[in-house]
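Chemist: Have a look at this one.
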Amino acid sequence: MKKIINQGNKDTRSGFGEGLTELGRINSEVVALCADLTGSLKMNTFAAENPERFFQVGIAEANMMGLAAGLATGGKIPFTGTFANFSTGRVYDQIRQSIAYSNKNVKICASHAGVTLGEDGATHQILEDIGLMKMLPGMTVINTCDFNQTKSATLEICDLDGPVYLRFGRPKVANFTNLSDKFQIGKGLLLNKGSDVTIVATGHLVWEAIQALEKLYVNGINAEIINIHTIKPLDEDIILNSVNKTGCLVSAEEHNIYGGLGESIARLLTSKAPYPQEFVGTNDTFGESGSPIDLMKKYGLNSDSIYDATIKVLERKN
Amino acid sequence: MMESLNNLVFQTRRDILRMVHAVNSGHPGGSLGCVEFFVTLYNEIMQHSNDNISNDIFILSNGHISPVYYSTLARAGYFDIKELSTFRKINSRLQGHPTNHDNLPGVKISSGSLGQGLSVGIGVALSKKLNDDSSLVYVLTGDGELQEGQNWEAFMYASANNVDNIVVTVDYNGQQIDGSTKDVLDIGNLKSKLESFNWKVLEIENGNSLDEVYKTLSEAKNNCMKGKPIVVLMKTIMGNGVDFMMHNHKWHGVAPNDEQLVRALKQNPETLGDY
């Protein structure tokens, strides 16, 4: 079992902020828009360094998406920033018509995804956004797991010509990937080799999967862990190669099991490799107020949930 | 100049009527109401081309009047007028509502779901400012469409940020699908609303007069780059140019039948050759 080290807790949104700052320095076509959440999105440095390229739009997300589509029409590379709920559900039709259907090169960057923003409760949490965004034709959907990966993703999506949804979170979580790791859109990462079960995790649940690994190992279970940051297009090869070896799979995400990563994997397995799968995610529910740790426990989103799902899928496999 | 524009007006009306008749669907009313605007904008006001983003850019927000847009683009040379016969048919670039999705020359954005074009136009105007590009952005919206809240976010944004390289025209025909805008949801005193949003408001009393449209759009153009965004309230007659369609919201989204087409075309002689 490979030891994966936490280099110190950091929030993923700060990874976005650092990436955006770097882009501002190296690419004069990059512009950023924010709907009154500059501090929360960590866009302050970009705004300070590039006042003419930063657009404070106020509490008006629909207009923000339209402005971004227009800026892209004029050849700019717009990055929009607000919470995940206000980046997707609130402005779905604006994204659908003015950005996705119109093939606009807009990067929709969304913080505070999932339940782990905590105490603000269900109005500010969203557990449906991956589903909403992956259903849009031509939309690339990325959900990063830590600070370093979020920074790398921010830099990388700038070079992709087309609309992107980049999803990250609020809390400080383990930072365990390396900036030197090559971030390739659409390519999963093999974090641990194993032979008994494949665990495919995205976002904050990747670190939880790593935590489950040790407990599984102690109980004689050798788990293979794959980090999927790009939910669409999905890296089918890395998943199929693994599950054809292990014969069963657990998907784990901070999202509703209806419409998330797990469902994309289930479609893949039913058509190409029908092995048993268990789903770690929320089950058709809204979130609520609470600390991130309490919420992850209550909604079955932590390493214990991944451990239990693994035991269950192994029973079904045998 | 006026004679050639007049010829274009007649021919554009014929294109609109024949397009919607051929597929028994589409929106002739608003299309006919905006013929003089499109003909003037594309032939007398804008410097335009397909690929050069440093030229003037037009954004159509009320996408359902696609027939007049397509006819104007084709007659301006963006694509062959023969392609107008594919309107609303399978495998066509001329979708019911306009889109750049299939690379139709001249179309920069998809519209149809209402209330989005103003924001897009302002975004293009911002990109022009960043590029030190002195060309302008022109947007057309419907009046019923102003019931969508996104427009008011956009109106607020543009004046607060001195976006003064944009001319927004409102097709002020007072009609929408369910009836007059007054009856459906009264938009009230639009001029004073927009003035209170700190836009410079110009008015066209007869938006179906080439002369008036030209004069006011020229005035709008000359008032750009002076700190304020400009909106033109252009009163038009839905169904203009076809006597039985005029002033009637019932022609918003209904195509003429065979007999009605003959009558309508008789009132608008062929001038530049049908597609």
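From first to last, the protein sequence lines are chains A and B.
For any residue, its number in my numbering is found by taking its place in the first sequence, counting from 1, and adding 6.
For any residue, its number in my numbering is found by taking its place in the second sequence, counting from 1, and adding 116.
All residues carry an ideal CB built from backbone N, CA and C; glycine is no exception.
#1: For B:Thr202, which residues from the same chain have a beta carbon less than 8 Å from its beta carbon, with the 5 sequence-adjacent residues on both sides left out?
#2: According to DSSP, simplified to helix, strand and coil, what is A:Lys16?
#3: Can you list, in chain order, the residues of its chain with a C-beta nearer than 6 Å to that of A:Lys113? Leave out the 5 residues immediately preceding and following it.
#4: Is the CB of B:Ala138 under 8 Å away from at least one CB in chain A?
#5: If you reduce the DSSP assignment to three classes, tell me which class B:Glu261 lands in.
#6: Short check: CB of B:Leu377 to CB of B:Leu133, under 8 Å?
#7: Ordered along the chain, which non-local residues of its own chain (more than five positions away) have a Cβ less than 6 Å from that of A:Cys254?
#8: Let's test the definition: count the other Cβ atoms within 10 Å of the Cβ of A:Asp373 and tell me whether it reaches 16, buried, or not, exposed.
#9: Please list, in chain order, all residues of the same chain as A:Lys303 whose beta carbon is under 8 Å from its beta carbon, the five residues on each side excluded.
#10: What residues of chain B sit near A:Asn109, judged by a beta carbon separation below 8 Å?
#11: On a CA-only basis, which of B:Val283, B:Ser325, B:Asp327, B:Gly304 is nearest B:Ala336? Give me that one, please.
#12: Got a sec? Which residues, its chain only, sit under 7 Å from B:Gly295 by beta carbon, not counting five neighbours each side?
#13: Along chain A, in chain order, which residues have C-beta atoms closer than 9 Å to that of B:Trp270?
#14: Please classify A:Glu28: does DSSP put it in a helix, a strand, or coil?
#15: Below 8 Å, how does it come out for the region 100-111 of chain A and the region 119-136 of chain A: are there three or more Cβ pairs, yes or no?
#16: Assign A:Ala66 to one of three DSSP states: helix, strand, or coil.
#17: Looking only at DSSP bridge pairs, what is A:Gln190 linked to?
#18: Name the one or two DSSP bridge partners that B:Leu256 has.
#19: What does the Cβ neighbour count give for A:Ala54, buried or exposed, with the cut at 16 atoms within 10 Å?
#20: Output yes or no for whether 8 Å exceeds the beta carbon distance between B:Leu234 and B:Asp172.
#21: Give the interface partners of B:Lys224 over in chain A, defined as CB-CB distance under 7 Å, in chain order.
#22: Looking at B:Arg204: is its Cβ nearer than 8 Å to the Cβ of B:Gln127?
#23: Within 10 angstroms of the Cβ of A:Thr122, are there 16 or more other Cβ atoms? Answer buried if so, exposed if not.
#24: Restricting to runs no shorter than 4 residues, where is the alpha helix (DSSP H) found entirely within the region 310-358 of chain B?
#25: Starting from A:Gln121 and walking both ways along the alpha helix (DSSP H), at which residues does that stretch end?
#26: Tell me where the alpha helix (DSSP H) around A:Pro298 begins and ends.
#27: In chain A, which residues lie with their C-beta within 8 Å of the C-beta of B:Lys331?
#28: Tell me, which residues are paired with A:Tyr171 by DSSP?
#29: Considering only the alpha carbon of each residue, which of A:Leu161, A:Ala119, A:Phe61 lies closest to A:Ile32?
#30: Kindly indicate if chain B contains any beta-carbon less than 8 Å away from that of A:Gln13.
#31: Sorted by chain position, which residues of the same chain lie with C-beta nearer than 8 Å to B:Asp196's C-beta, five sequence neighbours on each side aside?
#32: Run down chain B in chain order and give the residues with a C-beta less than 9 Å from the C-beta of A:Lys113.
#33: In angstroms, rounded to a whole number, what distance separates the CA positions of A:Ile237 and A:Met141?
#34: Of all the CB atoms in chain B, is at least one closer than 8 Å to the CB of A:Ser311?
#35: Would you mind giving the Cβ-Cβ distance between B:Val317 and B:Lys331, rounded to the nearest angstrom? I have them listed as a contact below 8 Å.
#36: Would a C-beta distance cut-off of 8 Å place A:Asp165 and A:Gly194 closer than the cut-off?
Modeler: Quick look at the numbers:
#1: Taken in chain order, the residues that qualify are Ser208, Arg209, Leu210.
#2: The answer is strand: DSSP assigns A:Lys16 an E or B state.
#3: Counting only Cβ-Cβ distances below 6 Å, and skipping sequence neighbours, we find Phe85, Ile163, Val170.
#4: no
#5: helix
#6: yes
#7: Val203, Tyr281, Pro282, Val319, Lys323
#8: Look at the range of chain A in this structure, 7 to 324, and you will see that residue 373 of chain A is not part of it.
#9: Closer than 8 Å at the Cβ level, and outside the excluded window around A:Lys303, lie Asp310.
#10: Asn216, His217
#11: B:Val283
#12: His365
#13: Checking the sequence shown, residue 270 of chain B turns out to be Ala, not Trp. Here the neighbours are Ala66, Ala68, Asn69, Gly72, Leu73.
#14: helix
#15: no
#16: coil
#17: According to DSSP, A:Gln190 bridges with nothing at all.
#18: B:Leu256 pairs with B:Leu176, B:Thr285.
#19: exposed
#20: no
#21: Simply Thr79.
#22: The Cβ atoms of B:Arg204 and B:Gln127 do not sit closer than 8 Å to each other.
#23: buried
#24: 326-338
#25: It should be noted that the sequence gives Val, not Gln, for residue 121 of chain A. First-last for A:Val121: undefined, no H or E at that position.
#26: Boundaries of the alpha helix (DSSP H) harbouring A:Pro298: 298-304, taken from the DSSP string.
#27: Near B:Lys331 there are no residues of chain A at all, since even the closest Cβ is about 28 Å away, more than 8 Å.
#28: A:Ile114, A:Val147
#29: A:Leu161
#30: Taking Cβ atoms only, chain B never reaches closer than 8 Å to A:Gln13, which makes this a no.
#31: For B:Asp196, where only same-chain residues beyond five positions count, the Cβ hits under 8 Å are Ala190.
#32: Result: empty, since nearest Cβ-Cβ is about 14 Å, beyond 9 Å.
#33: Rounded to whole angstroms, A:Ile237 and A:Met141 show a C-alpha spacing of 11 Å.
#34: no
#35: With 8 Å as the limit, B:Val317 and B:Lys331 do not qualify as a contact, their Cβ atoms being about 16 Å apart.
#36: For the 8 Å CB-CB criterion, A:Asp165 and A:Gly194 do not form a contact.
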